[in-house]
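Below you'll find the structure, written out as structure tokens, and then a few comments.
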Amino acid sequence: MSPVGEKSLIKRIRRRVRSGASIITGIGDDCAVLRMPAGHQLLVTTDFTLENVHFRREWHPPEVVGWRCLTRGLSDIAAMGGEPRAAFLSMALDRGIPQKWVNRFLAGLLEAADEFRVPLAGGDTAQSAGGIQADIVVVGSVPKGTAVLRSGARPGDQIYVTGELGGSAAAIARMREGKVRAADYERHFHPVARVDVGRWLRQRDLASAMIDVSDGLSTDLEHICEESGVGAEIEVAAIPRAQVGRPAQQVNFDLALHGGEDYELLFTSAKRIPAKAAGVRVTRIGQITRKSGMALVGEGGLRRRLEARGWEHFKGNL
Ligand code: ADP
Ligand code: MG
Numbered sequence: 004m005s006p007v008g009e010k011s012l013i014k015r016i017r018r019r020v021r022s023g024a025s026i027i028t029g030i031g032d033d034c035a036v037l038r039m040p041a042g043h044q045l046l047v048t049t050d051f052t053l054e055n056v057h058f059r060r061e062w063h064p065p066e067v068v069g070w071r072c073l074t075r076g077l078s079d080i081a082a083m084g085g086e087p088r089a090a091f092l093s094m095a096l097d098r099g100i101p102q103k104w105v106n107r108f109l110a111g112l113l114e115a116a117d118e119f120r121v122p123l124a125g126g127d128t129a130q131s132a133g134g135i136q137a138d139i140v141v142v143g144s145v146p147k148g149t150a151v152l153r154s155g156a157r158p159g160d161q162i163y164v165t166g167e168l169g170g171s172a173a174a175i176a177r178m179r180e181g182k183v184r185a186a187d188y189e190r191h192f193h194p195v196a197r198v199d200v201g202r203w204l205r206q207r208d209l210a211s212a213m214i215d216v217s218d219g220l221s222t223d224l225e226h227i228c229e230e231s232g233v234g235a236e237i238e239v240a241a242i243p244r245a246q247v248g249r250p251a252q253q254v255n256f257d258l259a260l261h262g263g264e265d266y267e268l269l270f271t272s273a274k275r276i277p278a279k280a281a282g283v284r285v286t287r288i289g290q291i292t293r294k295s296g297m298a299l300v301g302e303g304g305l306r307r308r309l310e311a312r313g314w315e316h317f318k319g320n321l
């Protein structure tokens, strides 16, 4: 447990959280009591943030770990076209974790909560056997029947992605070699969940399938293909690659294709999609095919098989 102890830590958290429209009863009771808009369905997502798997204390300032912890959950809600309503934080800390670290972690997490107007409505606090483990639960909602699923992609749909890819993975690759300036790798240290874009697409019924790019484009596209029972081809030249570092340089192709944790949205559509959605760049990168499997189409139409080589657990960590 952290130096101040469980009760006093919860008190601190409770003092700092803001309420919100969805909260009838927040922190302090056995359960939170939430209010959902009439005619909505609930969305619930849960994501681990584990020391030395998702972050390293020597690489990531505590505020960044907190911000990214909530962003993982918000991004899942965004990928359904949903509205985030409340968050829950379970954390386990060993006795050696400085209180300062915990305070700064919470500051980062609550900054994201304020920015997205998602109140922290509860959680759990316990002593870990070693290191820092957190789990974030985000509850959201969508009007009945409008959640954008992974399973809706159809042959002939075009494939789109928001923003640029590979910027987050590039930061990790770079940090293995030495220090980096967080400001040169924004998408890694301060990713912004695309909640606005997800909502914008859902309101216009523009996306047939959607997922957030958390494991890497190749792996997340494969999820859409498998759930939809379709294949996909991606145009090599079309993939928007992040510019990172100082001086800023385009990330290499493999990082854009397989690197995770960019928290952009990957979606399919049979409709015309503008170049910007809710103020965010949207790029067409390929199309859905009837034939299963994924292909990369290079210059001159050269095709090769695209394998999912993004982040997969039990294959290693940071
Ligand atoms: P219980 O014994 O019912 O699990 P706790 O003493 O663990 O209750 O929690 C008391 C209150 O504090 C609950 O409302 C719970 O949701 C909240 N809480 C506990 N830990 C956290 C946390 N890390 N972040 C936010 N709220 C928390
Ligand atoms: Mg508890």
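Heads up, the sequence shown is in the working numbering, so the first residue is 4 and it goes up one at a time. In this text, a Cβ means the ideal position worked out from N, Cα and C, and glycines have one as well. Quick caveat, the model's predicted, so the values are computed rather than measured.
Quick check: does the Cβ of residue i come within less than 8 Å of any heavy atom belonging to the ligand ADP?
i, result
"S93", "yes"
"G111", "no"
"T286", "no"
"A116", "no"
"T128", "yes"
"D33", "yes"
"S53", "Residue 53 is actually Leu in this sequence, not Ser. Every heavy atom of the ligand ADP is 8 Å or more from the Cβ of L53, so no."
"L12", "yes"
"L123", "yes"
"R17", "yes"
"I30", "yes"
"E238", "no"
"E264", "no"
So what does DSSP say about residue i, is it helix, strand or coil?
i, result
"M178", "helix"
"D79", "helix"
"D50", "strand"
"E238", "strand"
"V121", "coil"
"I139", "strand"
"D187", "helix"
Can you tell me the Cα-Cα spacing of residue i and residue j, whole angstroms?
i, j, result
"A259", "D160", "22 Å"
"E225", "I291", "11 Å"
"M39", "R197", "22 Å"
"L73", "K147", "25 Å"
"N55", "L321", "6 Å"
"W104", "L269", "34 Å"
"I27", "L220", "39 Å"
"V200", "D33", "35 Å"
"P101", "L12", "12 Å"
"A251", "A176", "15 Å"
"A173", "F256", "11 Å"
"S78", "D215", "6 Å"
"W70", "S22", "18 Å"
"V7", "R249", "40 Å"
"E230", "R153", "6 Å"
Residues bridged to residue i by DSSP?
i, result
"H43", "P146"
"K279", "R284"
"I27", "The partner list for I27 (beta bridge, DSSP) is empty, contrary to what the question assumes."
Legend entry - At least three beta-carbon pairs within less than 8 Å, the segment 205-221 to the segment 124-143: Here the segment 205-221 makes no contact with the segment 124-143; the two share fewer than three CB pairs at distances below 8 Å.
#### Entry: the segment 113-129 contacting the segment 10-19, beta-carbon criterion three pairs below 8 Å
These segments touch.
Do three or more CB pairs link the segment 109-116 to the segment 33-45 at distances below 8 Å? The segment 109-116, when compared against the segment 33-45, does not touch it at the 8 Å Cβ threshold.
**Item:** At least 3 beta-carbon pairs within less than 8 Å: the segment 78-88 vs the segment 185-204
**Value:** yes
- Query: Is it true that the segment 68-83 meets the segment 183-190, where meeting means three or more beta-carbon pairs spaced less than 8 Å apart?
  - Reply: no
Original post:
If you pair each beta-carbon of the segment 303-314 with each one of the segment 242-255, do three or more pairs fall below 8 Å?
Top reply: no
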